[in-house]
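Structure, as structure tokens:
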């Protein structure tokens with residue numbers, strides 16, 4: 001793995017490295033960790049990389065690594081930069097035959113996302129988008145239960161992603177780029193976390209959002225992007241729902257959660273208690289479904305490492321995305337067809353959906369029309 | 001207390017009687033318990049009432065009781081019939097000088113509600129609307145905290161009232177009238193429980209809803225009124241919010257809950273765990289505020305009976321409404337001015353707000369306009 | 001109902017009155033509310049009792065009431081005094097043909113308890129001991145599940161009753177008599193709340209404690225009775241367990257809870273969340289059994305008033321004890337045999353067990369012997 | 001790092017490898033993964049190790065690695081075998097100058113533990129015992145709060161470690177050795193998990209157990225070691241407590257938890273919800289202290305990787321033990337004095353305490369004496 005971005009003080013770069021390392025299946029071999037060559041060098045050193053595999057730019061990294069012999073050169077690129085710097089290295093990597101792991105949202109615009117998706121199709125390379133929250137075993141269990149019809153036809157979906165860390169004017173590296181349109185894109189809260197909520201809802205239910213009615217707000221004075229949004233949703237097949245996300249929900253840490261109600265049952269999952277899935281049924285006691293307990297789906301089982309009651313958390317879910325990608329890649333590198341279960345990681349279509357969501361939610365919020373079709 | 005409605009098999013009538021009895025401050029002295037005189041008689045007998053105080057109609061009750069000497073005749077009427085039968089007895093009672101306790105929503109239409117409100121004003125009698133959920137001590141604590149500015153300016157309000165009991169076609173006395181427009185009014189879910197959510201949000205925050213965007217749905221085939229609704233809200237002063245209520249949220253019992261986020265803090269309260277109020281602050285641990293623990297507001301204290309950890313529930317909160325009303329009434333009967341703390345029960349203005357909410361939410365849902373002003 | 005004790009400022013007297021009133025089945029008709037005739041009179045007046053039914057002593061009350069005609073005189077005596085004043089009025093009431101409801105523990109000594117039990121047997125009168133925590137529907141559900149063999153043979157029982165209100169030197173009416181051996185008996189914490197834990201464990205499992213090893217402690221300087229105790233338990237049939245109770249568990253309100261593990265399943269119930277019973281099974285998701293949800297035992301159903309999600313709490317559980325007693329008494333007064341389900345209230349045998357527990361736990365704590373047989 | 005044990009199908013070996021890998025600070029360079037050389041080889045291959053660094057026995061590994069040049073040879077040995085195979089490789093490693101990480105309990109007997117401790121002292125090498133549960137940030141926060149006197153003098157400690165996985169006769173690799181005295185030692189449940197409870201209680205409170213009264217039981221027929229135990233505890237300074245652990249608590253996953261009550265406050269921590277620490281105070285709302293939220297101790301901060309609300313779990317806590325050890329070792333290897341904060345990992349004294357606990361708890365359970373002094 002070669003990394004683009006993720007120098008010192010970066011939050012998500014370090015997360016990607018831990019996630020990739022956890023299972024002893026992926027080795028970081030090179031990186032272009034910063035737009036500043038000095039910082040990149042210092043970061044590489046701190047990561048015990050040899051100096052000649054630490055590059056000043058992603059262009060240099062891709063070019064020089066390509067020139068290395070197979071087995072030595074990196075197998076794939078991991079892109080962990082702010083949003084505006086996803087597209088350029090991803091495109092270059094794909095054009096040079098490197099598989100890609102990319103942080104979300106996929107790009108700065110929907111047009112870029114589509115271009116990237118088409119490039120992935122054309123090259124046949126693997127592209128993984130780290131919508132990490134779908135890596136949790138209980139999310140996979142929920143998806144499988146719905147797929148198996150246990151809830152009956154889905155009627156209502158409530159997905160929320162409240163956070164409180166931007167309730168006041170915060171100035172630090174993490175806050176700065178997320179509230180800067182030139183680096184974050186046209187949405188703040190909705191791009192950073194709203195897309196996770198959208199992705200989670202569509203992943204778990206298998207239903208696509210068809211139209212929405214959005215009400216975005218910037219509460220903190222001087223902030224240039226919205227820090228809160230409430231959205232009514234219509235899904236294909238007649239399901240309806242609510243999505244709301246916030247960065248000003250004081251005291252909430254990282255409260256992504258989803259409730260799904262069908263004709264026969266309901267499900268509730270909360271990211272902060274990720275190994276629990278509450279299932280409710282008509283006229284029956286609720287069930288506490290737990291990671292590692294009893295008979296679960298194959299997908300839940302394959303994304304669990306340790307016995308029940310030994311909590312696996314955010315990094316393990318993130319590592320599941322990497323591990324599935326790595327397992328699929330290993331097959332591809334051997335010229336074999338990947339196990340379909342290993343292809344259970346978010347890909348370019350999820351990225352395009354995410355960018356479409358961002359563009360639609362902003363347009364809807366700016367419009368006086370009640371219902372806004374999902375932009376395609 | 002004389003009761004209108006609440007015969008055998010009625011749910012809410014029995015709740016009113018228990019709530020009124022709990023504190024040994026109110027005595028049931030007469031009633032017209034059913035539209036069928038036979039049923040009324042049987043119900044009165046089961047309640048140990050003397051036969052001559054059990055009436056065949058509310059008209060008879062009001063007339064005959066009025067003729068009894070003071071100290072013997074009922075002091076007030078409690079109306080616990082389905083919605084369409086709130087207005088007639090309430091009006092007649094007021095016109096004959098009886099104070100009134102009335103179940104919610106106040107009437108069948110906004111026009112009736114306004115007529116009743118005006119009659120209350122004119123007569124100077126007490127009128128209590130049993131929006132019972134505001135009777136919980138932790139709801140009063142939340143209201144006081146916001147009034148005291150502890151949360152700073154309010155930004156976001158999420159209020160939910162999910163239930164699952166109508167997820168399938170249910171046929172029983174409780175379900176029948178609630179899904180029948182001639183007895184329930186123009187709304188189903190929104191009238192039955194959505195109004196509680198609206199009332200709770202406005203009571204706790206002290207802010208009025210100014211406009212909304214609603215999406216109501218009838219999921220169960222053949223049902224004549226909506227059984228689910230999602231609503232975006234704007235409040236006076238710039239706060240925004242979401243209200244959703246449902247009768248098809250499989251497995252949810254009676255999940256009324258509210259989250260309020262201000263500039264400085266947040267609050268969370270859930271009716272099913274009513275003695276707990278979670279307060280969140282910027283950069284501080286969350287606090288678990290509990291009924292009876294430590295220094296609480298006067299309002300919380302006055303609406304608590306027993307020490308912390310001895311859970312008071314739905315009936316106690318309902319009884320708080322009755323007890324406050326009874327205390328205020330006792331002052332009025334003595335010709336004294338009631339203690340303002342005893343006037344802390346929902347009244348005719350709350351009823352008018354509730355009916356306005358119902359008419360607006362239905363109109364909004366039927367409209368293609370995004371924002372619909374609250375009907376006045 | 002005639003009441004002994006329970007004047008102004010008393011905690012438990014007011015609880016008994018609310019519990020008795022809730023279901024509109026029991027009327028307070030007289031009382032001797034205090035050892036001070038003046039206070040008794042004032043209390044009776046505040047309770048709207050006629051002056052001639054408020055007595056200066058329990059002896060006076062029993063004598064004068066006995067002289068009243070049937071239908072006018074009280075049907076039973078409710079004793080809500082501190083522990084040392086349970087035996088005298090209970091004995092006198094029984095000797096004069098009055099049924100009795102008595103707060104727990106039954107008496108000051110085991111010898112008194114046995115005398116009272118024998119008197120109850122001899123007179124054939126009803127005697128109800130308000131071990132109120134067994135009045136909760138989920139406690140009854142737990143008991144029935146174990147009776148039905150759903151957990152298999154019981155192996156381990158952990159019952160706890162932590163409170164924190166005496167963590168410091170507290171001086172008020174409630175604290176004073178509970179820490180005074182002459183009014184409370186030989187135990188403090190163990191008499192006041194340890195007996196509830198013992199009663200709950202034996203009620204739910206149907207198993208008797210056979211021997212124990214106790215370690216009682218007085219943490220707060222100057223206190224004359226223990227304020228904490230840890231006890232190892234052996235039950236008949238080979239089950240083992242732990243009981244611990246405390247009044248110095250800072251911040252704990254009223255945390256009575258029990259866990260029972262059998263060969264096939266486990267149960268957990270916590271008084272502060274009384275409408276929830278968690279059942280665990282081998283290789284299956286845990287179940288959240290809830291008051292009013294789905295198919296429950298007859299006993300749970302008969303002790304529930306309102307639909308699921310409308311929390312019934314401490315007073316409702318207490319009222320269940322009174323209501324069952326009242327229903328049984330009504331049959332007895334008619335010369336009929338009570339419905340066995342109405343006899344589901346704690347009686348004199350529970351009282352004797354409780355006093356035996358108190359005497360054994362104190363003796364065990366004072367002994368160097370490891371195991372101490374339950375005193376009979 | 002060179003590993004002893006941890007071949008295919010081993011649970012804890014794989015945990016150690018993930019924990020060591022997570023932070024990109026430790027590299028697995030060799031191993032003797034099994035008592036069968038074939039299995040060892042296969043395991044090493046699956047771990048991408050070169051064939052010449054995979055050894056057939058730990059003796060071979062230690063000898064051959066010692067012969068390798070510095071910088072190539074392993075820096076330390078990680079021992080992840082069943083209990084009876086801790087002592088021999090640990091001793092040999094220390095004697096050959098290798099630092100050691102060792103799974104718990106330290107050895108098969110107290111005598112071995114003392115021998116090892118003395119050897120560590122003599123050699124001056126680092127020895128880390130993976131009592132991993134003390135690696136959680138909230139455990140460290142609890143310890144610091146007590147150290148800082150926030151709870152006042154400690155009075156009562158309740159520590160529990162219930163599990164349910166051995167509620168029936170289980171036969172698999174994990175169950176087999178844990179219930180076999182020749183591999184597990186004289187205790188089953190108490191050695192496997194009771195020692196974690198003991199270690200947690202002493203770590204958090206800083207108080208040593210001085211004497212105990214134990215009641216151990218084997219519930220499952222045919223099992224050779226106890227699967228449940230209840231213990232009364234006395235601590236130095238007058239604190240008292242209860243420790244109970246179980247492998248037959250049906251449906252409980254891995255429920256290690258502790259409650260500590262002092263004169264001024266109380267704490268509660270549960271391993272299955274590890275990022276939450278509940279603090280209770282006299283007359284104040286409880287506080288929900290959370291990993292990463294607000295101002296926490298330096299120790300908590302240094303053992304946290306990612307922002308609040310991104311749950312860190314069992315592997316991260318385990319990795320904290322490894323990371324602290326690795327950081328200390330890095331200093332030692334450079335000839336520098338380790339940062340005291342990096343020495344915050346369990347060491348040989350904890351191991352000796354654990355073995356003393358095991359021997360005492362078994363002796364106490366077999367004795368008729370009430371109180372049994374902790375064996376030294």
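Chains as they are written, first to last, in the UniProt record's numbering: chain A, 1 to 376; chain B, 1 to 376; chain C, 1 to 376; chain D, 1 to 376.
By construction, the Cβ of each residue, glycine as well, lies at the ideal position given by its N, Cα and C atoms.
Span separating the alpha-carbon of residue 77 of chain C from that of residue 352 of chain C:
20 Å
Among residues of its own chain, excluding the 5 on either side of residue 166 of chain C, which ones have a beta-carbon nearer than 7 Å to its beta-carbon?
175, 220, 227, 247, 248
Would you say residue 58 of chain A lies against chain D (beta-carbon separation less than 8 Å)?
no
Excluding the five sequence neighbours on either side, which residues of its own chain have a C-beta within less than 6 Å of the C-beta of residue 117 of chain D, listed in chain order?
348, 352
Using a 10 Å radius around the Cβ and a threshold of 16 neighbouring Cβ atoms, would you call residue 308 of chain D buried or exposed?
buried
Residues that residue 155 of chain A contacts on chain B, provided the C-beta gap is smaller than 7 Å:
219, 248
Please name the residues in the region 7 to 28 of chain C whose beta-carbon is closer than 8 Å to at least one beta-carbon of chain B, in chain order.
11, 14, 15, 17, 18, 21, 22, 23, 24, 28
Beta carbon of residue 20 of chain B, beta carbon of residue 12 of chain B: below 8 Å?
no
Beta-carbon proximity list for residue 208 of chain B, same chain, < 7 Å, skipping 5 on both sides
Only 202, 235, 236 meet the Cβ criterion.
Would you please state the rounded distance, in angstroms, between the beta carbons of residue 86 of chain C and residue 107 of chain C? I believe it to be under 8 Å.
Correct: roughly 5 Å between the Cβ atoms.
Buried or exposed: which applies to residue 366 of chain B, given that a residue is buried once 16 or more other Cβ atoms fall within 10 Å of its Cβ?
Burial state of residue 366 of chain B is exposed, judged by a 10 Å Cβ sphere holding fewer than 16 other Cβ atoms.
Chain A contacts from the region 286 to 304 of chain C (Cβ-Cβ distance under 8 Å)
Going along the region 286 to 304 of chain C in chain order, one finds 286, 287, 288, 289, 290, 293, 294, 295 with a Cβ nearer than 8 Å to chain A.
Environment of residue 245 of chain C [buried if 16+ CB atoms lie within 10 Å]
Around the Cβ of residue 245 of chain C, a 10 Å sphere holds 16 or more other Cβ atoms; the residue is buried.
Those runs of the beta strand (DSSP E) which lie wholly inside the region 170 to 237 of chain A and span at least 3 residues:
Within the region 170 to 237 of chain A, the runs of beta strand (DSSP E) that reach at least 3 residues and sit entirely inside it are, in chain order, 209 to 217, 228 to 235.
Close Cβ partners of residue 303 of chain B (< 7 Å) along its chain, the five nearest in sequence each way excluded
135, 137, 140, 320
Residue 240 of chain A, DSSP secondary structure in three states:
strand
Within the region 269 to 348 of chain D, ranges of the beta strand (DSSP E) (whole runs, at least 3 residues)
276 to 281, 286 to 290
By the 10 Å Cβ neighbour count, where 16 or more other Cβ atoms means buried, how is residue 72 of chain D classified, buried or exposed?
exposed
Using a cut-off of 8 Å between C-beta atoms, extract the partners of residue 283 of chain D located in chain G.
Among the protein chains in the structure shown, which are A, B, C and D, there is no chain G.
Answer yes or no: does any C-beta atom of chain D fall closer than 8 Å to that of residue 255 of chain A?
yes
Does residue 244 of chain D have its Cβ less than 8 Å from a Cβ in chain C?
Closer than 8 Å to some Cβ of chain C, the Cβ of residue 244 of chain D qualifies, so yes.
Please look up how many angstroms separate the CB atoms of residue 161 of chain D and residue 188 of chain D, rounded, as I've assumed it's under 8 Å.
That belief does not hold up - the Cβ atoms of residue 161 of chain D and residue 188 of chain D are roughly 13 Å apart, past 8 Å.
Any chain B beta carbon closer than 8 Å to residue 51 of chain C
Taking Cβ atoms only, chain B never reaches closer than 8 Å to residue 51 of chain C, which makes this a no.
Could you tell me which whole alpha helix (DSSP H) segments of length 4 or greater appear in the region 90 to 153 of chain B?
110 to 123, 137 to 147
Where residue 179 of chain C and residue 240 of chain C are concerned, what is the direct C-alpha to C-alpha distance, given to the nearest angstrom?
30 Å
Would you say residue 310 of chain D reaches chain A, if we count a Cβ-Cβ gap shorter than 8 Å as a contact?
yes
Please classify residue 323 of chain D: is it buried, with 16 or more other beta-carbons within 10 angstroms of its beta-carbon, or exposed?
Only buried fits residue 323 of chain D, as 16 or more other CB atoms lie within 10 angstroms of its CB.
Among C/259, C/152, C/292, C/170, which residue has its Cα nearest to the Cα of residue 282 of chain A?
C/292
Which listed residue (C/372, C/327, C/342, C/313) has its alpha carbon closest to that of residue 18 of chain C
C/313
I need the straight-line Cα distance from residue 287 of chain C to residue 216 of chain D, nearest angstrom please.
29 Å
Segment limits, alpha helix (DSSP H) that includes residue 13 of chain A:
12 to 21
Using three-state DSSP, classify residue 43 of chain D as helix, strand or coil.
helix
Given 8 Å, three or more beta-carbon pairs between the region 121 to 129 of chain D and the region 269 to 276 of chain D:
no
Cut-off 6 Å between Cβ atoms - residues of its own chain near residue 263 of chain C, not counting five sequence neighbours on either side:
For residue 263 of chain C, where only same-chain residues beyond five positions count, the Cβ hits under 6 Å are 152, 153.
Should residue 169 of chain D be labelled buried (16 or more other beta-carbon atoms within 10 Å of its own) or exposed?
exposed
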